[in-house]
Each structure stands twice: as C-alpha cells, then as structure tokens.
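Sequence order for the protein chains is U and S.
Going by my numbering, the first residue of the first sequence is number 10, and it counts up by one from there.
Going by my numbering, the first residue of the second sequence is number 4, and it counts up by one from there.
Where a beta carbon is used, it is the ideal one built from N, C-alpha and C, also for glycine.
Below is one structure, written out as structure tokens, with a few remarks after it.
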Amino acid sequence: MSRLWMEARVGAGTLCLLLCAALWPSACGTPRPAVRDRPPEGELLGGLRLASPVQAGGESPLRPHVPVRRAGETRDATVLIAPVAASVALGGEAGRAVLECLTAPVFNMGDGFLLEISLRRAGGRETVCRRYYDPGRKASDRAWIVLDVPLELGEGGAAELRFELSGGPQGDLTADWLALASVRLVRAAAGSAGR
Amino acid sequence: MQAFTQVPSPGSARVRGELVLLLLTVILCGLPFLGQPFHMDDNFYMDMARNVRVSPLFPNDRPYGFGGEYLGDMASHSHPPLVTYVLALLQAVFGERPGGEWRYHAVFLVFPVLAVLSFYFLAALFIERPLWPSLMLAASPVFQVMSHNLMTDIPALAFVLAAVAAFLWAVETGRGILYAAAAVSLFSAMFTSYQAALLVLLLAFYLAKRGGSRAGSAALAAPCLAMAAWLGANYVHYGRFILLGTVDYVRSRDFASLGSLATKFVALLQYQGWLIVFPLFVICFFGRSAKGRLAALLILTSIYGAQAMVPVYRLVDKAIFVVGAAAGALVMLRMALFARQAFARRGDGTGFGCTEGRFLALWYFGAAAACLSLFTEGSARYVLPLVPPLLLYYFRQLEMAEVSEYRRAGRPWLRAAAVASGSVVVSLAWGLALARADAEFARVYPRLARAAARAAGGLPCYYGGEWGFRYYLEQAGCRQLPRDQSRVTGGSFIVTPRLAVPYHLPADLSSMAAPVAELPMVPDTALRLLGGQTPAGFYSTGWGLLPFSVSGGPLETAEIRQVNYLVERLPWAEVEGGGIRPWPGYVAIGGVSRPAVLLEPGTRVAYGWELEAPARFEVWCGPADGAQAMEACEFEVRLRDGAGETRARARAVLDAGSSGWRHLSLALPAAQQGAVLKLELRYTAGGGRRPVGAFADAVVRPAGP
C-alpha cells in the first residue's frame, strides 16, 4: 500500500513539475521600465496625456498609442490629425517649466501643417510655440524633432496647454498627421531657457 | 516489462533486416525532396550559421531584423545553436551556390534516420514488434513534412529519441557506454531545443522507478551542467540572462489567454487527428469502444464544434475540421484513459508494465502540456515530441487486439493486422502528398524572387518578408528593408509578400510608394499547408486552425511597390519660377489615388538623376484636380547633362478645354560617377485661372532589352 502510494506521489509530482516547467514563463519576469530618451534637465513634474476632443461621429482626430517609426526609431506616440485642438491640464504647477516632447510628421506628403501650442490661464491665452512642419519639401522634417517649450506658469492655479494642428498654406489637409511622443513637463533648471 | 525477448542487437539477422528496411524507408521518402528550396525558418539558421565565422562561440551575436522588428542580437532566440553549427560546417564545405540545396538536405537526412532507428530500439522495450511503430514514425505526415527542411524539430526529436532509447536500455542493462551515449544525446537535444530539458524530469522518473543508480544520475546531471555552463558563458558575454528575453517574447504574444489556449488545444486535436496516423484508422480502431458509439458521438460533437468555432469556413474546410477534431479527440481520450489505467493502483491492463505505462503517459501529456503552454501559437511541428508515446500505445493496443480477435467468434471488419498495415501504408501515401505540397510551397519563393529581380532590373530593390522569400530575394540581389527607412531612396522597389510575414511599411515610406506590379504564385498542387486564401495552419495557427486545406488559387502573392522618385527627392530638387515651392500630394487617376508632385504654372523643378542603371521614366501629367484645362498648358520632362545639353525629352500639350491625363515616357541613361545629370520638370499654363499642375504616378522601370 505504502509503495503504491509512493509511486502515485512520484508520478503526480513529476507531472506537476512538467506542468510547472511548462507554465513557468507565465509566472515570472517583471515588466521593463519605460526608457526615457534623455534625462530631464530639471525636476520631472510628470508625463502629460492629451485629452481627446469630443468628436461627433467619424474617426477621432487624436489617436493614442500609435507606434510611429521615423528614421529607424519607433516610438509610442499620440497622433494628432489636422484640423484638431487637444488640451492637457497642468495641475497647478507654478514657476518656470519646460514642456519637452518629441514630434514627427507621420507622412512625407502634403503642403505641411502648423502646430501651435498655447498656454491658457484665468488671465488669458498666450501662444508659447508655433512650428511649421513640411516633410514633403524639407528633409530635416523627416525625423523625430525635439521640441522644448519654455513656460512661465506664474503663481500656479488652473492652467492648460492647448495643442492645435492646422493645414498648410495651400489649405491641403492631405497627410497632415503629427506624432507626439514622450510629452512631459520639467521644472526649468536655473539659467535654462529651453531650446 | 521487457517486450523484446532479448536486447535488440544489430548483430541479429532479424534486427539487421528491420533496420535496413527502416533506413531505406527514410531515405527513399527523402530522396524526392532533396532539391527542395530552403523553406520557412531555414533562412534564419543559415543567416546565423554565416555568423559562426565572425563569432564562433556566440553565433547569434549579430544585429538582425525579423518580421520588420530590428534587434541588437539574436541571443534570446528560441533555440540554442547546435543546428546553426551543423549548417556552418556545411556552408564551409559546400558553399552556398544556387541549386546546392540538395547537399544540405542530403546531410540533414541523418536526423530522421537517427530518429527512426533510435525509436526502433526504444520501441523494442515496450512492444513485441518494434518495426511497426518505427515504420509508422517514418511514414507519419508530420515527420515526413518536417524531414525536408533545416529547422530544429527533427534534429531535436532525433536526439530526444536517441537519449531516451540509450538511457532506458542503460537502466535495463547497466552498460556504462549507453549512459554516456544518453548523456551526449540529451545534451545535443537540449542544445538544439531548450524544451528538451523537460526530458531530464521524465528520465529521472524512470530511473527512480527502476531503483536509481549513480551512473544514471550522472548521465542526467552532466548535460544539465553543460547547458548551465553554456548559459553562464552567454550571461558573461551578453551581460544578461538570455532566456529572460525568450520568456519576454513569449509573454508578449498573449500565449496564456483563454482564447489562445483554446486555439492551441483545437489545433492540437487537429494535428493529432490528421498528421500522425491517417484519421480513418484512428477512428476505426480507437472508436471501436461502445460499439462505435463513442466515435459517432465525437463526430457529432465536432460538427457542432465546427459550426460554433469556424462558421465562416467553406464546407470542405469544415469537413476537414470535423474529421481532424473527432480523430484528435479520440486520440486524447484514449491516451487519458490509458494514463488513468497506468496510474491506477496496480497500473495493469494497459499492455505495458506499471513503470513503462506511467512513463509513456507522462511523456505524452508532458509534451501535450508543453504544446499548450510553452509556445505562442499552435504548430504541427510542436506535436512531434508526443508522437513516439502515442505510436507505442497505438501499436501495443493493436498487438493486444490481434491476439484477442483470434479468440472472438465475430471479428471486426477491419482487423488489427489490417489496421496496422493500413495505417502505415495510407499514412505514408498521405504524408508524401503533404510533403509534396510543402515542397511546392517552398518552390514558390525562388520563382517569385526571379520574377521580382526581373521586374527590378538592376534598380535598387528591397524586400520585406521572411522564410524562403527572404533567402531567395537576398540571393537575387535585393536587400532587406533597413531599420532606417530614410535610406530607401526614390526609385527603389519594395517587394512584400502576402503570406511570408510581410513587414509593415513605415507610414512615411508607404505614403510615397505606389504599387507597380503584383506577382501571384500558384503551386502545382491543390493541397495547401499554410494560408493562400485557406485556413490551413500547418506551421502556425496564425493562418488557420486546419493542418491543411485545398485551393486552386494563388498560394502567395508578392506586391512590388516603388518609392516615387519625384516625391522622395523633392527636398533636394532645385526650383525656379512659380509662386509656391512644389509640394507632394495625391491625385486620382482612373479612380485610384496616386502620389504626385504639384506645381504652380511657370515652375521648373530640376532633380539630380542618380540611378546607376539605365531606365525608362514614365509619368502622367495634367491639371491636379483632373478637370478640363481652361487654358492651354504644357508639361515637359527633360534630361540634361552637366553641359546643359538635352539628352532626352518628352512633352505634352493640353489644348484649352481638353481634359484627361497625358502619359510621358523617356529613356534615361545610367548616372555615371562624377557626371551630373538633371531631370527637369516644367509646367506652363496661360490665361487667368492658372490651375495647379501635377506630375503623377512617376515610375522608373528598368530599360528593356
């Protein structure tokens, strides 16, 4: 009886070991931390996530988590499709800060498009960045482009950044897609004015 | 229990005769396929083998792009490099000339031969006539199809069977040389396929049940230590534990979700139903229980299952599904009953000894569990490790049935002997048919590569696909789509397959490319092992749940696109006149959107002409909105040399009020080193409306003979 019981245990134990070994990958390993492209020059205040504008029917002009490859570098990006305006709340930060992000036109077609970033506070609206992307005609726009925007947040309080994407001078909206990656807010280091 | 009356020595005439028969079977089945082109993942191992000359200790240490993903090294690939080393040796001896595949396949026949002969000796421990399961292994479709490539599956199976046979006979006879052979084979199996490490547990179980021995423990420990040492050396070299990368990859593929497990389980049934023993015999023999009611019940359940799981399949595919599911379910059910009997109190009634029965049950269900849990999807080749225990059980049951049939008054219409011989003969024919379908599948890619190379005609050509597609396009002079897509310049061709893991083109490159040709490939057989507008998924359930299907349509279709020269090179072009600098956009020609360069009237654009092969330049011209030209307008394409002399010219004039697109074509010489050639576009229009003009769908074709 005891011998039979022992044999059964050995058999069951071996099968369990086989199953455990087979299932091992599902029970181990830790997710890898996201890799930042470069360390912030000041204190990192946090990553920013753009709020999707309300869209009545049709496809959303803001698409999160799109893998975009430019010049061999693939990044998880939020894609803005012109014409679009999207905003992000700044959470009561005060003082000087820098909005850091990587931008890339998704396609190489069209007459280009304009990105305008404005800071909206109770006091009014201030345009903090205007950049025209023209990947169809400008080779240097066919890559990931670093965008560092210095911000003067004042005393703090409710504020939001607004990203607006509009068509090019010929009014052609073809392929006017912009990818935004690694969007974050960094407290400006002393003497830094951003790039 | 020791079924064979004595150790099956090769000196015995009977054993020698049977071994010769097995050897001839494997070689004769392999001969027609020696010339099979390199297929599926053969190319990966060939690539790594080339790297042995650069990095002999760590052949997977090279940057590699696969499926459109680009990695710094392939150390975490799912297989260690034994097969890579074998291929490196063959590359050094034979080279890699076109048409030389037969040499590689001839040498690789050593693995199916080793597998079948090892299985013969293993089977001799379990059943009275080891020839039958060994012949069946050689004849089984999954074994035949996988015997004709350079992948790791058959080598791993061969080493596994050699290790098990040597180890079990070593335990039975106590011969040290067999323990040594077992240790070497076990290490070879593990160095071919990581999952062979599970075999150590199985053999340890057998050893423990047989009372254990120091030599046996050493034979199991030595290969593990050798593998640990190899992994340690890799850790030092790469600075990471390479298996973690493998695990990460498997985890990233959603391998353990309920849907994925269900898919793999259904595929496991299908592969067992169709690809080991021909299903007619499985259903006839295993379905005899309860006077055939069990088989009938399983067929009925499979019909409902087909309607529930694959309602969109064609009727013929549903029929394949039903037969495969019913036969596979019968196999698994009988193996489950066998395992239950084997692990019952006395473990008898199985036809095997107590330990042997439990050993086989653990082997079968361990391999089945690995199929479900270790792999990211189902594949017929993954079931190879469970074929040996299944065949041993199947033929042992036939041996027992043969004896009991003589004692019965009423004999079944298909007797055990007929089932045994029928299983081998019909499965052999079926296996050869599937192996031919696989060979035809492989032959598609050299043909496709030749056609693509002809279409590119010396102009830059890139490919975005895997398997034989990659190998033969590379051989034809095409290059892999680079990680940095900005290196793919205007005028380059990009060839992508529909079936062979097409790369996803980055959006920027895709936005500038337009299709120029399609190459559909129809093989010389209606049997399909993978895709080709059917749910055949022999190599992966990613394409469908069936082990095979039938179709008369193309198996593979390659699409050739060209990066528009005018659009891609526009940032570097010189522009004169006009108000706004020309820009790239799309126009509709014949209802199809085509990339174009758009110009205001009075604009001249001059491109540097840099293609190093003579070519024909073709372009469509007209008002960008496709409407009637209100005023007369003129489009001109001209090639000038460095002295400003015109070398080629074509122009189109649209009279006032005329409409439609005009086609321009001109022959262009190859750009010589140091010489300056300029390709000029001019657009002029009179009157006040001044519509935007378009040079659309420009294609650079290789110059004809």
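C-alpha of S292/S to C-alpha of W416/S: approximately 14 angstroms in a straight line. Beta-carbon to beta-carbon, W612/S and L680/S are separated by about 4 angstroms, close enough to satisfy the 8 angstroms threshold. Not a single unbroken stretch of the beta strand (DSSP E) spanning 3 or more residues falls wholly within the region 315-377 of chain S.
Considering only G166/U, S175/U, A113/U, G176/U, the residue with the shortest C-alpha distance to V155/U is A113/U. Inter-residue distance for V187/S and A166/S is about 8 angstroms (C-alpha atoms, whole angstroms).
For the pair F341/S and T353/S, the CB atoms are nearer than the 8 angstroms cut-off. Collapsing the DSSP output to three states places Y141/U in a strand. Chain U has a Cβ within less than 8 angstroms of the Cβ of R486/S. With its beta carbon at least 8 angstroms from every one in chain S, T112/U lies outside the interface. Look at D181/U: its C-beta is under 8 angstroms from a C-beta on chain S. Close to A80/U, with beta-carbon spacing below 7 angstroms, are these residues of chain S in chain order: D487, S489. DSSP places D85/U in the uninterrupted beta strand (DSSP E) bounded by 82-90. At a cut-off of 8 angstroms between C-beta atoms, R584/S counts as an interface residue with respect to chain U. Distances from the alpha-carbon of A332/S to those of L206/S, G33/S, Q275/S put Q275/S closest. Within the region 539-573 of chain S, the residues whose Cβ lies closer than 9 angstroms to some Cβ of chain U are V570, E571, L573, listed in chain order. Distance from the Cα of T249/S is smallest, within the candidate group S79/S, L502/S, A479/S, for S79/S.
For a cut-off of 8 angstroms, the C-beta gap from R665/S to E637/S is around 10 angstroms, too long to register as a contact. Here R399/S is buried, its C-beta having at least 16 other C-beta atoms within 10 Å. Contact with chain U is found for S514/S, since one of that chain's Cβ atoms lies less than 8 angstroms from the residue's Cβ. One alpha carbon belongs to S662/S, the other to G625/S, and they sit about 8 angstroms apart.
The shortest CA-to-CA distance from L128/S to any of Q478/S, F362/S, L85/S is the one to F362/S. Not a single C-beta of chain U is nearer than 8 angstroms to the C-beta of D76/S. At a beta-carbon threshold of 7 angstroms, none of the residues of chain S lie near D185/U; the nearest stands roughly 11 angstroms away.
Residues of chain U with a Cβ closer than 7 angstroms to the Cβ of P509/S are, in chain order, R78. Looking at the DSSP output, L170/U bridges to V97/U, L128/U. A contact is defined here as three or more CB-CB pairs under 8 angstroms, and the region 419-434 of chain S fails this definition with respect to the region 445-456 of chain S. Look at the region 145-174 of chain U: the residues with a C-beta under 8 angstroms from a C-beta of chain S are G145, R146, K147, A148, R151, A152. Among the residues of chain S, none has a CB under 8 angstroms from the CB of F122/U; the nearest is roughly 12 angstroms distant. Counting along the chain, the unbroken beta strand (DSSP E) around Y67/S starts and ends at 67-69. With a threshold of 8 angstroms between beta carbons, Y589/S makes contact with chain U. Per DSSP, the unbroken beta strand (DSSP E) holding H666/S starts and ends at 665-671. Taking C-beta atoms under 8 angstroms as the contact rule, Y241/S and D76/S qualify, at a distance of about 7 angstroms. Closest option to E615/S, judged by alpha-carbon separation, among V566/S, P463/S, L140/S: P463/S. Excluding sequence positions up to five before and after V18/S, its CB lies within less than 7 angstroms of the CB of P11, S12, all in the same chain and listed in chain order.
Residue pairing by DSSP places D157/U opposite E109/U in a beta bridge. Contact of G119/U with chain S by beta-carbon distance below 8 angstroms involves W586, P587, G588.
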